[in-house]
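Trainee: Just passing along the structure, written as structure tokens.
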């Protein structure tokens, strides 16, 4: 699953269209076998597993041949170029719907034919991250919410009680003070110095605001009192020395025992388990008592090119790739998106993974600003610069002043 990072693609698509012209992407062989292409952003071990699953589909469907195409770090460039030349893969992983939806096939009619039970087996929150407006363009494949990770050994050594689902950020700060031990180079809490603006919006939601209104307008939202309070909370913890702003996401510091707590998605679980880190997770603290604990989603879906000539075959493969069997096949490295699999595998009762599903269900109804505006790339850049000014310890610019400037851009 690819973490959401939004890129501007319209120019790339337009250039590809002018340079390459139109080309049919799908072919039917003389023997009646329909060929479809499946684009993945994965590589190495994950790609090997994907190829095995593609081979399994091909063996069971003699009238369809799926070819796996590994795009890796060139995924966005190749997808944009393919759409511009009308030669996009028939099926592709997708996350950046705002950039690509015009080149994708609407899937509502396909879903409707499968019946309501089919749709209801996916968590409702996931559908909102795989659509634009009211139109669904992707079938959920993977996701992660965010949770608070904590090092149990550091808590035990300091005699501090573990975090609970009732924590506010004030209680997090109080605990961070007790956990910080300069003699051992341990800091109570860690966060990325320049956090992903897409991710950071979840803290604003928890404090009753957002980066923008429903139309993507920033003014009076990104610079609201509630938004300023969120940024000030993080900055003040850093100023007090009870939080450290890290260059990366903080996983290295957690593994090294240098921070007691940080917030992240499900990505580090395998690393923590391999390192035998004594850790726990709990939902993200609320900004004030009674406010919601909310998480952004990093999600991926499987989408179909609107230019595919073998759409029925492409849909058959999409159903296979998002089926119960494949949800289970990917369970070691991806959180299942089907309720039936989560229930049959008792994942919701898992002390670690279960918390991600609690956050998933609590986060329904929130729409990221990146889905509301075509100017997200510029907004994201402006916010990254703002975060650098606010959280850089050599600057510590006033959050209100900086956010007012962002709102006027």
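In my numbering, the protein residues as written are 1175 to 1583.
Beta carbons: idealized from backbone N, C-alpha and C, even for Gly.
#1: Would residue 1573 and residue 1405 be called neighbours here (beta carbons separated by less than 7 Å)?
#2: Taking all protein chains shown into account, decide if residue 1517 is buried (16 or more other Cβ within 10 angstroms of its Cβ) or exposed.
#3: For residue 1265, which option in 1279, 1272 and 1259 has the closest C-alpha, if you only look at C-alpha atoms?
#4: Would residue 1469 pass as a contact of residue 1241 if the rule is Cβ separation under 7 Å?
#5: Please state if the CB of residue 1390 and the CB of residue 1546 are separated by a distance shorter than 7 Å.
#6: Expressed to the nearest angstrom, what Euclidean distance is found between the alpha-carbon atoms of residue 1526 and residue 1237?
#7: Please report the Cβ distance between residue 1262 and residue 1481, rounded to the nearest whole angstrom; I am assuming they are in contact, meaning their Cβ atoms lie under 8 Å.
#8: In three-state terms, what does DSSP make of residue 1422?
#9: Under 7 Å between C-beta atoms, does residue 1391 make it to chain B?
#10: Report the rounded CA-to-CA distance for residue 1366 versus residue 1271, giving the unit in angstroms.
#11: Taking C-beta to C-beta, are residue 1304 and residue 1513 nearer than 7 Å?
#12: Please tell me whether residue 1440 and residue 1509 are closer than 7 Å, where the distance is taken between their beta carbons.
#13: Mark residue 1246 as exposed unless 16 or more other C-beta atoms lie within 10 angstroms of its C-beta, in which case mark it buried.
#14: Could you tell me which residues DSSP pairs with residue 1318 in its beta bridges?
#15: Let me know the secondary structure DSSP gives residue 1212 once reduced to three states.
#16: Closest to residue 1539 by CA distance: which of 1581, 1418, 1579 and 1467 is it?
#17: Pick out whichever of 1418, 1244 and 1286 has its Cα sitting closest to the Cα of residue 1218.
#18: Considering only the beta carbon of each residue, do residue 1537 and residue 1299 sit closer than 7 Å?
#19: Have a look at residue 1448 and residue 1582 and give me their C-alpha separation to the nearest angstrom.
#20: Is residue 1384 helix, strand or coil when you go by DSSP?
#21: Do you know whose CA, among 1519, 1556 and 1478, lies nearest residue 1276's CA?
#22: Going residue by residue through the segment 1207 to 1262, where are the continuous beta strand (DSSP E) segments of at least 3 residues, counting only ones entirely within it?
#23: For residue 1363 and residue 1416, which I take to be in contact (beta-carbon distance under 8 Å), what is that distance rounded to the nearest angstrom?
#24: Please go through the segment 1475 to 1531 and give each complete alpha helix (DSSP H) segment of 4 or more residues, from N-terminal end onward.
#25: Identify which residue in 1321, 1403 and 1411 has its Cα closest to the Cα of residue 1348.
#26: Compare the beta carbon distance of residue 1476 and residue 1495 with 7 Å and say whether it is the shorter of the two.
#27: Use the C-beta contact count for residue 1380: other C-beta atoms within 10 angstroms, 16 or more gives buried, fewer gives exposed.
#28: For my contact list, residue 1553 and residue 1392 are in at a C-beta cut-off of 8 Å; report their separation, rounded to the angstrom.
#29: Look up residue 1461 in the DSSP assignment and say whether it is helix, strand or coil.
#30: Rounded to the nearest angstrom, what separates residue 1486 and residue 1550 at their Cα positions?
#31: Hey, quick one: how far does the alpha helix (DSSP H) through residue 1407 stretch, first residue to last?
#32: Tell me the DSSP secondary structure of residue 1331 in three-state form.
Mentor: Looking at the coordinates:
#1: yes
#2: exposed
#3: 1279
#4: no
#5: yes
#6: 42 Å
#7: 6 Å
#8: coil
#9: The question asks about chain B, but that chain is absent: this structure has only one protein chain.
#10: 26 Å
#11: no
#12: yes
#13: exposed
#14: 1472
#15: strand
#16: 1467
#17: 1244
#18: yes
#19: 47 Å
#20: coil
#21: 1478
#22: 1208 to 1214 and 1238 to 1244
#23: 6 Å
#24: 1485 to 1495, 1498 to 1503 and 1513 to 1518
#25: 1411
#26: yes
#27: buried
#28: 7 Å
#29: coil
#30: 34 Å
#31: 1399 to 1413
#32: helix
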